[in-house]
Amino acid sequence: MPKMAMPNAETAILGALAGIGAGVVLVFLYSTAQFLSFHFITPSQPLKKYKRANTDAYALITGASAGIGFGIANALLDQGFGVILLGHLPDELESAALTLRALHLSRPATLVRTLPLDARTATPEEMQTALATLSPLTITILINNVGGNPIAIPPFRTHATYTPADVDAVINQNARFMARLTALLLPTLSAPTAGSHERSLIVSLSSAAHIGLPWLVMYGATKAFNRAFGAGLARELATDPATAHVDSVVVTPGEVRSQGNCRGVPRGAPSAERFGWDVVRKVDGAVSRGWREMHAHWWHGVEAVLAGIAPEGALTQGVTEQVAAKKEAWNGFWEKNR
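What follows is the structure in structure tokens.
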């Protein structure tokens, strides 16, 4: 028997579904190709566009005496940049500087400098005075890295237990300082060099905590601020020819094993040194793709995708379990060492 022709409506529906399916497959393939090329094909000379031909180019890195900031400084030195380590403890800064100089004996010692400044308490006037001491240097990169949860022990606790001083301390260290510092340094980063607008870079570190974490409510909220700040700044800078040569990228880490994050950390989390290398090697890829945000470590990118598609119930359960494990590990440590 001859086959009966399918009604036009059914044919149209099937055609539409097939088109949607093909589109989903193409998007998946494109996204996968972008993911693989971004994480596994990196330039041989990272950040070359932010160097200067006739002078040393410096990066100012906040929270650089240890952890991710130190890891980024180490990677930048390896790429030929000078680094200015900003932190609140002069002794720790000098120790970090000595370590970096020892790791890079072939580089002049003057390429590692320190700038003591407390992100929680520094006034605008103190910040301006400190930055004025750097005026002889050519700063082309700002790394807004400083962050933490600077409240009384235990650090993992409900928001109802926060004092107004606790709230202010977290905001000051994670959000207010970086916003002020960026505003103060932007004229330097955007100023023409030898009559031309050579490129400069601002990297602002957020955190996967921006999705909102129990027992770390203020910390997560300030990291959401960092994320919005860096992305908004990127779009703003691009609109003005006088600042379009200044790139702004947000780096959103997941778990990174460091001096300040060493308990309850999932197995397989990258070290701060490894993460610093990932940031330095991959920023060029984010800028060239026009991205406002990047996940420097490949697994953090996977986690971000999974968090974005997970139902709220599953997301809440996973986040709560992970933070609870860290809370237990840290509280146990403080109980033994108080």
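Number 19 in full-length UniProt numbering belongs to position 19 of the sequence shown; there are no gaps in the numbering.
Even glycine gets a Cβ: it sits at the ideal position worked out from N, Cα and C.
Please read all numbers here as calculations on a predicted model, not as lab measurements.
Provide the residue(s) that pair with Arg113 in DSSP beta bridges, ordered along the chain.
Residue pairing by DSSP places Arg113 opposite Ile84 in a beta bridge.
What ranges does the alpha helix (DSSP H) occupy inside the segment 38-114, keeping only unbroken runs of at least 4 residues that lie completely in it?
Listed in chain order, they are 67-78 and 90-103.
Helix, strand or coil at Thr138 according to DSSP, with G and I counted as helix
Under the three-state reduction of DSSP, Thr138 is assigned to strand.
Thinking C-alpha only, which one of Leu306, Ala169 and Ser204 is nearest Ala183?
For the set Leu306, Ala169 and Ser204, the Cα lying nearest the Cα of Ala183 is the one of Ser204.
Look up Ile202 in the DSSP assignment and give the residues it is bridged to.
In the DSSP secondary-structure assignment, Ile202 is bridged to Leu142 and Ser248.
Go ahead and pull the three-state DSSP assignment for Glu126.
The answer is helix: DSSP assigns Glu126 an H, G or I state.
Would you please state the rounded distance, in angstroms, between the beta carbons of Gly87 and Ser106? I believe it to be under 8 Å.
Gly87 to Ser106, Cβ: 25 Å. No contact.
According to the Cβ coordinates, are Ile68 and Pro253 closer than 9 Å?
It is a contact, given that the beta carbons lie within the stated cut-off.
Of the residues Arg274, Ser248 and Asp240, the one placed nearest Glu255, counting alpha carbons only
Selected option, being the one with the closest Cα: Arg274.
Which of the three DSSP states, helix, strand or coil, is assigned to Thr193?
In this structure, Thr193 counts as strand in the three-state DSSP scheme.
Pro187 to Asn145, Cα distance in whole Å?
Cα to Cα, the separation comes out at about 20 Å.
Suppose contacts are defined by Cβ-Cβ distances below 9 Å. Is Ala242 in contact with Arg257 by that definition?
Against a cut-off of 9 Å, the Cβ pair of Arg257 and Ala242 comes out as no contact.
Rank Lys223, Gly147, Lys51 and Trp330 by C-alpha distance to the C-alpha of Leu201 and give the top, closest one.
For Leu201, the nearest C-alpha among the options comes from Lys51.
For a test of your reading of the model: does the CB of Leu111 fall under 8 Å from any non-hydrogen atom of the ligand COA? Yes or no.
With respect to the ligand COA, the structure shown offers nothing to examine, as it has no ligands at all.
Per DSSP, the bridge partner or partners of Asn261:
For Asn261, which the question treats as bridged, DSSP gives the partners Ser258.
Leaving out the 5 sequence neighbours to the left and right, which residues in its chain are closer than 8 Å to Asn172 when beta-carbon positions are compared?
Beyond the five residues adjoining it in sequence on each side, Asn172 comes within less than 8 Å, by CB distance, of Ala119, Arg120 and Thr121 in the same chain, given in chain order.
Are the CB atoms of Ile61 and Ile72 within a distance shorter than 9 Å?
Contact: yes.
Which residues does DSSP list as the beta-bridge partners of Ser271?
Answer is Arg257, bridged to Ser271.
Which partner residues of Glu293 appear in the DSSP bridge assignment?
Looking at the DSSP assignment, Glu293 forms a beta bridge with Val250.
Phe229 and Ala179 - do their beta-carbons sit closer together than 9 Å?
A contact, by the Cβ cut-off of 9 Å.
If we count the other Cβ atoms within 10 Å of its Cβ and call it buried at 16 or more, is Asn174 buried or exposed?
Asn174 comes out buried.
Let me confirm a value: Arg235 is counted as buried when at least 16 other C-beta atoms fall within 10 Å, else exposed. Which label applies?
That one is exposed.
Taking the alpha helix (DSSP H) that Gly230 belongs to, which residues open and close that run?
Taken as a continuous stretch (DSSP letters only), the alpha helix (DSSP H) holding Gly230 covers Val217 to Ala238.
Can Met294 and Ala286 be called in contact, C-beta distance under 9 Å?
It is a contact, given that the beta carbons lie within the stated cut-off.
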